[in-house]
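One structure is given here, and the rest of the page talks about it.
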Amino acid sequence: MTRRAIAKVACTAAAGVLLAGGVTVAMPGTALAARSDCERGVNGFRDISDSLVGVPAGPEDKMLRPSDPQGLVGRISLRAARIDGQVHGFAALSVPRAGDEVWMDWTLNGRDVHVQCGPFKASRDGHPLTSAAKVTDNSPNYRFRACGGGGGQAVQCTDWW
């Protein structure tokens, strides 16, 4: 086994131990944000209503979970809406269950350096949930994706847009 392969196995094992112990491990270049870091205008984000629908913004929706007996599917999508004359991107979770979470990742370099805005947690079943919104930009390096998880479901993310 090469040194690189040994290092990879060791890092994977260490991450597994930390995650099992309830410790969050951030990848290099990732800035984890609390809701307070992207609410009420902080860092250029804008609070929006959970009822804002907008339009699909590029990547395919991701299913958080298959339909359950109550018919709650939980689809994560990246959406866009014109707010005060500017297009804003935001994450949306349709038909969540209480405890499901949604957040939006935002990158300035097109791939690995990003800010996580959220998570925003559903307090009741079936009511749509959104993240805060951020103005979009035509730069190929200024991109968004929507993610969600919670309720024992694996985290799902859309592709970057």
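What the sequence shown shows, in mature numbering (1 follows the signal peptide of the UniProt record, and there is no 0), is residues -33 to -1, 1 to 128, in sequence order.
Ideal Cβ placement from N, Cα and C applies to all residues, glycine included.
In terms of Cα proximity to Ser44, the closest of Asp51, Gly66, Leu19, Gly52 is Leu19. Burial is judged here by how many other beta carbons sit within 10 angstroms of a residue's own beta carbon; Leu75 has fewer than 16 and is exposed. In terms of CA proximity to Ala65, Asp92 leads the group Phe12, Asp4, Asp92. Nearest C-alpha to His94 among Gly85, Val69, Thr103, Tyr109: Val69. Note that the C-beta distance between Ala89 and Leu60 is below 9 Å.
In the structure shown, Val9 falls within a helical segment according to DSSP collapsed to helix, strand and coil. Shown here, Asp72 sits in a strand according to DSSP, grouped into three states. When the alpha-carbon of Trp73 is set against those of Thr103, Val22, Val62, the nearest one is in Thr103. Bridge partners of Leu96 according to DSSP: Leu60. Rounded to the nearest whole angstrom, the C-alpha separation of Phe57 and Gln123 is 15 Å. For the pair Arg42 and Leu31, the CB atoms are nearer than the 9 Å cut-off.
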